[in-house]
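Numbering (full-length UniProt numbering), first residue to last: 1 to 530. The C-beta atom is built at its ideal place from N, Cα and C for all residues, glycine as well. A short write-up of the structure that comes next.
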Ligand code: NAP
């Protein structure tokens, strides 16, 4: 997606959404979309009044336009309406943001842990006191139902609260010396300037999960949010300034992703890259970090198995699988991507699951009762269509759904596919949409083999009433997170991250601090001297 000079212009996507292009946006759908778009306008007005609808980047504590005046439109995926425009920044603005973070590092890192902790705690309090405005922003620019957005604000804020506390718990070590007139110490020190690149699916939480520990450790940060969802990041940054986090400690640039990414990678002042997003971009960043040997943390794509054993509690398994699959319309890295069901419970589970899916209300996330919003963009929708087409061509049954929703735009029907097999694309690729493929298995060994037969290794789910099986299977799964009889397992107090090509490093929990700290060994010698 590109930037636009001076005045913002409609992009093909916007034109398509407005019914100016393509076959899917004929008049009845447009009419419906226009009707529901009156609600978003009221939300935008409310945000303007609150002062949280920021439309400029943040560099050195100043709100800044792109140096050449280019902008990008931010659209509501539920309606196609343009919410506002933000600067389309690139190399020059990123260089300024890096300098500002670099210059602020010396003062921010020298504050006491307690002082940094107080700033973070105040930021947390402000996020919570503006919970509704932030949730409205998330729903407007990302599309998830308002209830889920409120949940994301609580979840995202929790990382700031947790790391405000962890700031005070950075411990070093004293090691027994091997020579008697020496003393050996281990210090933990902040890495330096951090470049944080985040995706659109959690516009707040993916930022706070990185910025919270970075600031707590004494690092300063340049954040690049997704061009689809920059507004939540900008609002959170405004609250950070209000909380007393000094100008330059947190900078936000957005626009040309590869220019911003390359500038961060090439800079010797940036000492760490932390990224959440697709595996393809993660690999590019990993390769690009080599020339300056940066520390790197990667939270990449998943392909989560959800294994339902014959001995599962059916209600628990249906509820858990539904939550693991359909949260954010299937657009999370930990969404169940393959539901593996043991043959003895397959029919019962498939019927109960399909019944539950039939009850999921699709619509604009601002409308009460909506539990499934739109997909983020046309490309995401087309990817879902391709994957479903491939599965049905290879023999999968459409139990329910299987096509674009009659609401138009990027809405897709919550879908269940039966009799899915390993030769289908959906077995290998993250569908990142509301499609639940059901696959049969016979034995525990077969389920484990199927579950591990992927390059991804982020989240996995098991449903069983057997305690020994819970242990056995949890240990055998090559995944960074395992939910047993539970479909929603992320929390700020537990480590989040993947095995294999799902990433490097961990976020959240005490382990999340290590990613932003260097270990320094100090040898104090000649103690017998004066
Ligand atoms: P994406 O296309 O990789 O984008 C992620 C971020 O990278 C965005 O800010 C994007 O900018 C930026 N970007 C794109 N190309 C870049 C480049 N060449 N250099 C530097 N930055 C670049 O991923 P997405 O579609 O937004 O997110 C979905 C993916 O994220 C899924 O695979 C999902 O599984 C994964 N994810 C993983 C986790 C986790 O914790 N493991 C959590 C959430 C999502 P623009 O958007 O501005 O182009």
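For residue j and residue i, the rounded distance between their alpha carbons
i, j, result
"residue 330", "residue 250", "31 Å"
"residue 161", "residue 487", "24 Å"
"residue 528", "residue 176", "17 Å"
"residue 283", "residue 504", "11 Å"
"residue 133", "residue 46", "8 Å"
"residue 530", "residue 244", "45 Å"
"residue 390", "residue 401", "15 Å"
"residue 531", "residue 181", "In the structure displayed, the chain extends from 1 to 530; residue 531 sits before or after that span and is not available."
"residue 147", "residue 201", "15 Å"
"residue 80", "residue 409", "7 Å"
"residue 442", "residue 109", "56 Å"
"residue 205", "residue 232", "10 Å"
"residue 423", "residue 300", "23 Å"
"residue 466", "residue 435", "28 Å"
"residue 464", "residue 311", "5 Å"
"residue 455", "residue 430", "11 Å"
"residue 229", "residue 198", "10 Å"
"residue 112", "residue 118", "10 Å"
"residue 30", "residue 262", "Because the pLDDT of residue 30 is 42, which lies under 50, any placement of that residue in the model is unreliable, and the number read from its coordinates should be weighed accordingly. Answer to the nearest angstrom: the Cα atoms are 40 Å apart."
"residue 48", "residue 105", "32 Å"
"residue 59", "residue 129", "25 Å"
"residue 194", "residue 491", "23 Å"
"residue 372", "residue 324", "13 Å"
"residue 278", "residue 179", "50 Å"
"residue 94", "residue 266", "11 Å"
"residue 403", "residue 82", "26 Å"
Contact check, residue i vs residue j, beta carbons under 8 Å
i, j, result
"residue 521", "residue 191", "no"
"residue 215", "residue 116", "yes"
"residue 458", "residue 255", "no"
"residue 139", "residue 154", "no"
"residue 124", "residue 167", "no"
"residue 239", "residue 126", "yes"
"residue 480", "residue 508", "no"
"residue 462", "residue 484", "yes"
"residue 264", "residue 61", "no"
"residue 417", "residue 438", "yes"
"residue 142", "residue 203", "yes"
"residue 412", "residue 375", "yes"
"residue 495", "residue 511", "yes"
Counted within 10 angstroms of its Cβ, other Cβ atoms place residue i as buried (16 or more) or exposed
i, result
"residue 35", "Confidence at residue 35 is low in this model, with a pLDDT of 37, below 50, so the placement of that residue should be treated as unreliable; the coordinate-derived value is given next. Exposed, by the Cβ-count rule."
"residue 471", "exposed"
"residue 313", "exposed"
"residue 169", "exposed"
"residue 524", "exposed"
"residue 327", "buried"
"residue 26", "Low confidence applies here, because residue 26 scores a pLDDT of 35, under 50, leaving its location unreliable; read the following figure in that light. Exposed."
"residue 506", "buried"
"residue 526", "exposed"
"residue 406", "exposed"
"residue 533", "In this structure the chain extends from 1 to 530, so residue 533 is not present and cannot be described."
"residue 174", "exposed"
"residue 290", "exposed"
"residue 22", "Any reading at residue 22 needs caution, since the residue's pLDDT is 32, under 50, leaving its predicted position unreliable; the model's value is listed next. Per the 10 Å Cβ criterion, exposed."
"residue 225", "buried"
"residue 41", "exposed"
"residue 237", "buried"
"residue 90", "buried"
Assess, as a yes-or-no matter, whether the region 335-353 is touched by the region 378-390 under the definition of 3 or more beta carbon pairs within less than 8 Å. no
Check whether the region 80-87 touches the region 48-66, counting contact only when three or more Cβ pairs, one atom from each stretch, lie closer than 8 Å. yes
Are three or more beta carbon pairs between the region 296-313 and the region 327-344 nearer than 8 Å? yes
For the region 64-72 against the region 99-114, do three or more pairs of beta-carbon atoms, one drawn from each stretch, fall closer than 8 Å, so that the two count as touching? no
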